[in-house]
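J.: So the sequence shown is numbered by the UniProt record's numbering: it starts at 1 and just counts up by one.
We put the CB at the ideal spot given by N, CA and C, even for glycine.
Given the structure is predicted, the values throughout are model-derived calculations rather than measurements.
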Amino acid sequence: MAAWHDRIADDKQEEGWSLKVRWLPALGSLVIWRQTYHPDGRLWEADRTTYGPLTQPEAHDVLEAVLEECWAQQLHLFT
1 MAAWHDRIAD
11 DKQEEGWSLK
21 VRWLPALGSL
31 VIWRQTYHPD
41 GRLWEADRTT
51 YGPLTQPEAH
61 DVLEAVLEEC
71 WAQQLHLFT
């Protein structure tokens, strides 16, 4: 079974946005690179945010919140 930090280190890409997520267990830090795109494919916004120090459960909650925000933003852009 993969370690928790290996499971969340996968990149996530959907229509309208992409995430690159890295968990740094020694630092208790979660680093998220996020890019969002206009419906025509042009880059709209890019940022990198570091969260921490966090426990693994806290990092998981942060990641879930960021994903929900991305999906909500995608709905706003495409409707």
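(1) Counting only beta-carbon separations shorter than 9 Å, does Cys70 have a partner in chain D?
(2) Under 9 Å between the Cβ atoms of Gly52 and Leu19?
(3) Using the three-state DSSP reduction, which class does Asp47 fall into: helix, strand or coil?
(4) If distances are taken between C-alpha atoms only, which option among Val21, Gln35 and Thr36 comes closest to Ser29?
(5) Straight-line CA distance for Trp23 to Val31?
(6) Could you tell me whether the Cβ atoms of Val66 and Arg34 are closer together than 9 Å?
T.: The relevant details are as follows:
(1) The structure shown contains no chain D, having only a single protein chain.
(2) Their beta carbons are not under 9 Å apart, which means Gly52 does not touch Leu19 by this criterion.
(3) Shown here, Asp47 sits in a strand according to DSSP, grouped into three states.
(4) Looking at the Cα atoms, Val21 is the closest of the given residues.
(5) The straight-line gap separating the alpha-carbon atoms of Trp23 and Val31 is approximately 6 Å.
(6) The answer is yes: Cβ separation under 9 Å.
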